[in-house]
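Engineer: In the numbering used here, the protein residues as written are 46 to 323.
First, the structure itself, so that you have it in front of you.
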């Protein structure tokens, strides 16, 4: 700064674009260089961490994807087995399940070492377990009248069919204790065994057709037969008494089959017009 004569109000200021730099002797340049060196080392460490994380993801994502795909196939297989056995209890679908869900050209799961994950029959197993439903879980519970009605309509044989599919893999070394060892043996990482099951209600009184449903109703004493027998008896007595008069008018004789003529019919209040959305 330059001194001005007394009485002058002007002040000499440095230009706005001028920056005072530290002199070489104050050590400022050395500090800047040291800080830059430290930042460069930190970036190297961060880069190594990112590369290690990317490598782990590169290995783990395909490994986990194969495991999830196998679990999904096992779930599909258990559903197929449960529904098939519900329709035909004498069916033996184990071989069909292996062929369609785990073997064949469309199922080529391989380990990180290139070996097939499912190659032998023992690796895909099917277990079927029937279970009975207690009376307390049936309609009407343990009430005697409800139990008699269920028996007449064949609704007292409810059961639960459970189909379980288990997928096992060949034995392989367990995970090494250290991360370095785990990385060296990543190609032999062991897949855990998978188990999926489906449970379905069976023998719940479903009828395959209208005729079978009517037959079941007709054979039920508490549900139909007892009351119908009394009505049939009275109807026949009345028919025999008025038959001579009805023949003179050409009337048809009454029909005492009150179920078969209604096969395939449905009360109108149970019908609704179907409108397809545009």
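For every residue, glycine included, the Cβ atom is placed at its ideal position computed from N, Cα and C.
For residue 154, which residues of its own chain have a beta-carbon under 8 angstroms away from its beta-carbon, when the five flanking residues on both sides are left out?
Structural biologist: Cβ within range, chain order: 111, 114, 115, 161, 162, 163.
Engineer: Which of helix, strand or coil does DSSP assign to residue 173?
Structural biologist: Residue 173 falls in the strand class under three-state DSSP.
Engineer: Thinking C-alpha only, which one of 180, 145, 189, 209 is nearest residue 174?
Structural biologist: For the residues 180, 145, 189, 209, the minimum Cα distance to residue 174 belongs to 209.
Engineer: How many angstroms separate the CA atom of residue 270 from the CA atom of residue 263?
Structural biologist: Approximately 6 angstroms between the Cα atoms of the pair.
Engineer: Counting along the chain, where does the beta strand (DSSP E) carrying residue 207 start and finish?
Structural biologist: Start and end: 204-212.
Engineer: Between residue 205 and residue 146, what straight-line distance do the alpha-carbon atoms span, to the nearest angstrom?
Structural biologist: Residue 205 and residue 146: Cα-Cα distance of roughly 24 angstroms.
Engineer: Let's see if you can read the secondary structure: which residues bound the beta strand (DSSP E) around residue 244?
Structural biologist: Unbroken beta strand (DSSP E) run through residue 244: 239-247.
Engineer: What do you reckon, are the CB atoms on residue 198 and residue 266 nearer than 7 angstroms?
Structural biologist: In this structure, residue 266 does not lie closer than 7 angstroms to residue 198 by Cβ.
Engineer: Suppose you measure from the CA of residue 69 to the CA of residue 88; what does that come to, to the nearest Å?
Structural biologist: Because the pLDDT of residue 69 is 49, which lies under 50, any placement of that residue in the model is unreliable, and the question is left without a value.
Engineer: In three-state terms, what does DSSP make of residue 195?
Structural biologist: Note: residue 195 maps to helix in three-state DSSP.
Engineer: Is residue 212 closer than 7 angstroms to residue 119 when the C-beta atoms are compared?
Structural biologist: Yes, the Cβ-Cβ distance between residue 119 and residue 212 is below 7 angstroms.
Engineer: State the start and end residues of the unbroken alpha helix (DSSP H) segment that holds residue 310.
Structural biologist: No alpha helix (DSSP H) contains residue 310, which DSSP labels as neither H nor E.
Engineer: Among residues of its own chain, excluding the 5 on either side of residue 143, which ones have a beta-carbon nearer than 8 angstroms to its beta-carbon?
Structural biologist: Closer than 8 angstroms at Cβ, skipping near neighbours: 166, 169.
Engineer: Take residue 131 and list the residues in its own chain whose beta-carbon comes closer than 8 angstroms to its own, dropping the five residues that flank it on each side.
Structural biologist: Same-chain partners within the cutoff: 206, 245, 247.
Engineer: Determine the extent of the alpha helix (DSSP H) in which residue 291 is found, giving its start and end residues.
Structural biologist: First-last of the alpha helix (DSSP H) with residue 291: 271-294.
Engineer: If I measure Cβ to Cβ from residue 180 and keep anything under 6 angstroms in the same chain, skipping five residues before and after, which residues do I get?
Structural biologist: Here the set comprises 187.
Engineer: In angstroms with no decimal places, state the Cα-to-Cα distance between residue 260 and residue 292.
Structural biologist: The alpha-carbon atoms of residue 260 and residue 292 are separated by roughly 32 angstroms.
Engineer: Could you tell me the distance, in whole angstroms, from the CA atom of residue 152 to the CA atom of residue 107?
Structural biologist: Whole-angstrom Cα-Cα distance: 15 angstroms.
Engineer: For residue 155, list the residues DSSP reports as bridge partners.
Structural biologist: Bridge partners of residue 155: 161.
Engineer: Could you tell me the boundaries of the alpha helix (DSSP H) in which residue 146 lies?
Structural biologist: Taken as a continuous stretch (DSSP letters only), the alpha helix (DSSP H) holding residue 146 covers 139-146.
Engineer: In chain order, what residues of the same chain have a beta carbon less than 8 angstroms from the beta carbon of residue 280, not counting five sequence neighbours either side?
Structural biologist: So the qualifying residues of the chain are 299, 301.
Engineer: Could you check if residue 313 is buried or exposed, using at least 16 other CB atoms within 10 Å of its CB as the buried criterion?
Structural biologist: Flag for residue 313 reads exposed.
Engineer: Applying the criterion that 16 or more other CB atoms from any shown protein chain within 10 Å of the CB defines a buried residue, is residue 241 buried or exposed?
Structural biologist: Classification of residue 241: buried, given that the 10 Å Cβ count is 16 or more.
Engineer: For residue 273, which residues in the same chain have their Cβ closer than 6 angstroms to its Cβ, ignoring the five residues on either side in sequence?
Structural biologist: Correct list: empty, nothing qualifies.
Engineer: Tell me whether residue 183 sits in a helix, a strand or coil according to DSSP, three-state version.
Structural biologist: Reduced to three states, the DSSP call for residue 183 is coil.
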